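Residues in the sequence shown are numbered consecutively from 20, following our numbering.
Beta carbons are placed, not taken as given, at the ideal position from N, Cα and C, and that holds for glycine.
Keep in mind the model is a prediction, meaning the values are calculated, not measured.
Here's the structure, in structure tokens; my notes come after.
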Amino acid sequence: MMVPSISVVVPVYNSQQSLPILLNRLSVALPALTQQYEAILVNDCSRDRSAQVMEELADQYPWLQCVHLLRNYGQHNALLCGIRQARHDIVITLDDDLQNPPEEIPKLLRVLAEGYDVVYGYPERESHGLLRDIASKMTKYSLQRTMGMKAASRVSSFRAFRTEVREGFRDYRGAFVSIDVLLGWGAMKFGATPVENPPRTLGTSNYTVTKLIAHAMNMMTGFTTLPLQLASILGFVFALFGLCVLAFVIAMYLIHGQSVPGFAFLASVIVIFSGVQLFALGIIGEYLARMHFRLMDRPCYTIRQQTQRSAAPPSPPSVSVSS
20 MMVPSISVVV
30 PVYNSQQSLP
40 ILLNRLSVAL
50 PALTQQYEAI
60 LVNDCSRDRS
70 AQVMEELADQ
80 YPWLQCVHLL
90 RNYGQHNALL
100 CGIRQARHDI
110 VITLDDDLQN
120 PPEEIPKLLR
130 VLAEGYDVVY
140 GYPERESHGL
150 LRDIASKMTK
160 YSLQRTMGMK
170 AASRVSSFRA
180 FRTEVREGFR
190 DYRGAFVSID
200 VLLGWGAMKF
210 GATPVENPPR
220 TLGTSNYTVT
230 KLIAHAMNMM
240 TGFTTLPLQL
250 ASILGFVFAL
260 FGLCVLAFVI
270 AMYLIHGQSV
280 PGFAFLASVI
290 VIFSGVQLFA
300 LGIIGEYLAR
310 MHFRLMDRPC
320 YTIRQQTQRS
330 AAPPSPPSVS
340 VSS
């Protein structure tokens with residue numbers, strides 16, 4: 020199917036091997052979909068030769084735009100940078116590891132044409148090992164609670180959305196970024212479609228179990244008050260537990276004429292209540308830290324250099340130190 024115009028945004032980190040293959044496949048897939056298209060590669064301060072490879076590819080493909088960030092900000096921050104640089108009607112985001120095949124883009128566009136604002140391409144079968152699968156499910160659960168919609172359970176990095184959706188987060192400048200949460204600020208209709216997800220053959224994944232858990236925590240504490248509500252509920256539950264313990268002690272004294280004996284009982288109660296208090300203080304500390312970073316007004320990203328062989332698109336407000 021043909022669409023008016025497409026911008027493809029790809030965050031890049033240590034992908035010198037896969038980038039030439041990806042651009043070659045995009046050069047075949049995109050002309051079959053539209054006459055106006057571009058690809059935006061955002062280099063998130065890669066440690067290999069990705070930056071040099073990107074510039075070489077820009078000489079080969081005039082519709083390619085290269086953006087180099089000053090330091091490593093993270094995948095979602097790099098995506099936000101690329102999305103703000105997009106100048107066409109529909110934005111496609113995909114990974115740089117070839118696990119989001121460009122040949123599957125038509126599937127996203129067909130569902131998008133049904134009236135959706137955002138469409139995700141989710142793999143029918145996905146396995147990265149037990150620990151990573153559990154961490155991934157935790158992230159999607161956190162996102163579902165944050166976004167408040169069922170489509171969040173099928174969220175993936177392979178997305179298609181209408182460019183005007185970004186107006187919902189035009190002025191967002193927080194240091195913690197979740198593209199899917201931001202898309203929820205500007206869109207109401209979310210769709211999903213199954214796509215192929217071939218195994219990775221080049222390089223290794225940069226998303227470890229630890230990073231996935233940290234991302235889930237950032238979403239929970241950065242975009243929702245659910246942890247604070249959880250701390251309040253725990254406080255209420257253990258306050259009731261404390262009253263029950265007090266009633267038990269009084270009953271033992273009235274029935275047997277003595278208080279509950281044993282150091283173990285007293286120590287256990289103290290440890291339980293202390294643990295709950297520290298848990299609640301930790302959650303409050305996380306929120307205070309995010310407030311602190313917001314007051315510091317740290318930018319989401321900083322552009323070191325931007326390359327566009329053809330006419331450059333208008334640049335949205337961002338921090339840039341050199342060009």
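{"Item": "Rounded C-alpha distance that separates Gly193 from Asp115", "Value": "25 Å"}
{"Item": "Proximity below 8 Å, CB of Ile109 to CB of Ile40", "Value": "no"}
{"Item": "Rounded straight-line distance, which links the Cα of His87 to that of Gln325", "Value": "6 Å"}
{"Item": "Buried versus exposed, by CB contacts within 10 Å (16 or more), Gln94", "Value": "buried"}
{"Item": "Cys263: first and last residue of the uninterrupted alpha helix (DSSP H) it sits in", "Value": "Leu245 to His275"}
{"Item": "Through-space distance from Thr112 to Cys319, alpha-carbon basis", "Value": "18 Å"}
{"Item": "Classification of Gly203 by the beta-carbon crowding that lies within 10 angstroms, buried from 16 upward", "Value": "buried"}
{"Item": "Segment limits, beta strand (DSSP E) that includes Ala105", "Value": "That residue, Ala105, is in no beta strand (DSSP E); it is neither H nor E in DSSP."}
{"Item": "Validate contact between the segment 300-308 and the segment 72-83 using beta carbons, cut 8 Å, 3 pairs", "Value": "no"}
{"Item": "Per-residue DSSP class, three states only, for Ser34", "Value": "coil"}
{"Item": "Test item: CB-CB of Val214 and Arg178 under 8 Å", "Value": "no"}
{"Item": "Arg129, enclosing alpha helix (DSSP H) - first and last residue", "Value": "Ile124 to Leu131"}
{"Item": "Proximity below 8 Å, CB of Thr212 to CB of Leu127", "Value": "yes"}
{"Item": "Extent of the continuous alpha helix (DSSP H) run through Leu202", "Value": "Ile198 to Gly205"}
{"Item": "Rounded C-alpha distance that separates Leu6 from Ile302", "Value": "Not covered by the structure: residue 6. The range shown for the chain is 20 to 342."}
{"Item": "Alpha-carbon spacing of Thr321 relative to Leu52, whole angstroms", "Value": "32 Å"}
{"Item": "Sequence-distant residues of its chain with Cβ nearer than 8 Å to Pro217 (five each side left out)", "Value": "Leu117, Gln118 and Pro120"}
{"Item": "Residues sharing a beta bridge with Gln94, DSSP", "Value": "Paired residue(s): none; Gln94 is not in a bridge."}
{"Item": "Proximal residues to Arg68 (C-beta, below 6 Å), its chain only, five neighbours per side dropped", "Value": "Gln35"}
{"Item": "Residue closest to Leu38, alpha-carbon to alpha-carbon, out of Leu60, Phe255 and Val27", "Value": "Leu60"}
{"Item": "Pairwise C-alpha distance: Ile274 and Leu265", "Value": "14 Å"}
{"Item": "C-beta contact flag for Asp63 and Ala97 at 8 Å", "Value": "yes"}
{"Item": "Span separating the alpha-carbon of Phe188 from that of Ile252", "Value": "32 Å"}
{"Item": "CA nearest to the CA of Pro125, picked from Arg66, Val196 and Leu45", "Value": "Leu45"}
{"Item": "Option nearest Arg313 by Cα separation, candidates Pro23, Ala299, Phe209 and Tyr191", "Value": "Tyr191"}
{"Item": "Residue from Gln71, Leu42 and Val288 whose Cα sits closest to the Cα of Pro81", "Value": "Leu42"}
{"Item": "Rounded C-alpha distance that separates Phe195 from Ile291", "Value": "33 Å"}
{"Item": "Rounded Cβ spacing between Tyr135 and Lys208 (contact assumed at less than 8 Å)", "Value": "5 Å"}
{"Item": "Proximity of Phe257 and Val295 at Cβ, strictly below 8 Å", "Value": "yes"}
{"Item": "Ala331, DSSP secondary structure in three states", "Value": "Caution is warranted here: a pLDDT of 43 is assigned to Ala331, below 50, making its placement in the model unreliable, and no coordinate value can be reported."}
{"Item": "Reduced DSSP secondary structure (H/G/I, E/B, other) of Ala194", "Value": "coil"}
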